[in-house]
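Data block below; observations after.
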Amino acid sequence: MNSTTEFPDYLIEYGEQIDALRELGYTYWQRGWSRGTSSNYSVVVSRDPLQLVITASGKDKGRLSREDFVLVDAAGKKVHAEAPASSAETLLHCVAAECIPDVGAVLHTHSPWSTVLSQRYFAAGGIELHDYEMLKGLRGVSSHQEAVWLPIFDNTQDIPALAEQVRQRFTSAEEPLTHAYLIRQHGIYTWGRDLAEAARHIEVLEFLLECLGRSAAIA
Numbered sequence: 001m002n003s004t005t006e007f008p009d010y011l012i013e014y015g016e017q018i019d020a021l022r023e024l025g026y027t028y029w030q031r032g033w034s035r036g037t038s039s040n041y042s043v044v045v046s047r048d049p050l051q052l053v054i055t056a057s058g059k060d061k062g063r064l065s066r067e068d069f070v071l072v073d074a075a076g077k078k079v080h081a082e083a084p085a086s087s088a089e090t091l092l093h094c095v096a097a098e099c100i101p102d103v104g105a106v107l108h109t110h111s112p113w114s115t116v117l118s119q120r121y122f123a124a125g126g127i128e129l130h131d132y133e134m135l136k137g138l139r140g141v142s143s144h145q146e147a148v149w150l151p152i153f154d155n156t157q158d159i160p161a162l163a164e165q166v167r168q169r170f171t172s173a174e175e176p177l178t179h180a181y182l183i184r185q186h187g188i189y190t191w192g193r194d195l196a197e198a199a200r201h202i203e204v205l206e207f208l209l210e211c212l213g214r215s216a217a218i219a
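Per my numbering, the sequence shown starts with residue 1, numbered consecutively.
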């Protein structure tokens, strides 16, 4: 990663968060979770008004520069006209930050396992993870005996419509989103109170999905 590039003036105050996102991007690229221009990452930098710093559209996540980020508002619109376009899926980040008051970061990866399993289990509506010790790495989970449900949404280029579906699940009294969700043949979204927690959730969930996939392959 090139750390010598100067920040645009409108991003200087978010430099620490941006460099942390760049480091994650490189790590996830190395692991095969964010190949090419796939994936997007954000941090909440203001609550009133709601604002997020998010990766720009079409950027290689293994080579993110300090200019490859955008400050957006609650509607996913960039705050500064001179900034590049934000990720096409910006609204999904905004919905998570809006619906869960303590969300501080949202991460989306495209690993082979999340992509393949989201297709395999789409007809079932989601994936239930249970009996794995690693589940305790998720916020609020204290035992391997607890079950975690990852719903799967159908993939679409109509992001506002998808964002509305996700919003409805976040606010559902019967089946609220708790830790993450998948998009069919697309990848996984998760979040955390801060970037460290969101990153931990991605690591735990990617591990568990790989375990599930490998178990199915040898069954």
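In this text, a Cβ means the ideal position worked out from N, Cα and C, and glycines have one as well.
Given a cut-off of 8 angstroms on the beta-carbon distance, is the pair residue i and residue j in contact?
i, j, result
"threonine 156", "leucine 162", "yes"
"glutamate 89", "alanine 74", "no"
"isoleucine 100", "tryptophan 191", "yes"
"glycine 36", "leucine 64", "no"
"tyrosine 213", "leucine 117", "Before going on, a small fix: residue 213 reads as glycine here, not tyrosine. Contact: yes."
"tyrosine 14", "histidine 108", "no"
"leucine 138", "histidine 93", "no"
"leucine 208", "alanine 180", "no"
Check each candidate in the options and name the one with the smallest Cα separation from residue i.
i, options, result
"glutamate 67", "Phe7, Met134 and Phe122", "Phe7"
"aspartate 9", "Ala81, Ser39, Asn40 and Tyr41", "Ala81"
"aspartate 154", "Gly76, Gly140, Tyr121 and Val70", "Tyr121"
"tryptophan 29", "Lys59, Leu11 and Asp48", "Lys59"
"serine 42", "Val103, Pro49 and Ala83", "Val103"
"alanine 123", "Lys136, Ile152 and Ala96", "Ile152"
"serine 39", "Pro112, Val45, Ile12 and Glu16", "Pro112"
"leucine 168", "Gly62, Val148 and Val95", "Reading the sequence as shown, one finds glutamine at residue 168 and not leucine. Answer by Cα proximity: Val95."
What do you get for residue i, buried or exposed, if any count of 16 or more other CB atoms within 10 angstroms of its CB means buried?
i, result
"glutamate 133", "exposed"
"threonine 115", "buried"
"arginine 22", "buried"
"serine 86", "buried"
"threonine 55", "buried"
"lysine 77", "exposed"
Check residue i in the structure and name its three-state DSSP category.
i, result
"proline 8", "coil"
"threonine 171", "coil"
"arginine 184", "coil"
"glycine 62", "coil"
"tyrosine 189", "strand"
"arginine 214", "helix"
"aspartate 178", "The sequence given here places threonine at residue 178; aspartate does not occur at that position. In this structure, threonine 178 counts as coil in the three-state DSSP scheme."
"tryptophan 33", "coil"
Step through the CB atoms of chain B and report whether any lies within less than 8 angstroms of the CB of residue i.
i, result
"glycine 25", "No chain B appears in the structure shown, which is made up of a single protein chain."
Counting only runs of 3+ residues fully inside the segment 90-122, write out the beta strand (DSSP E) ranges in chain order. 105-109
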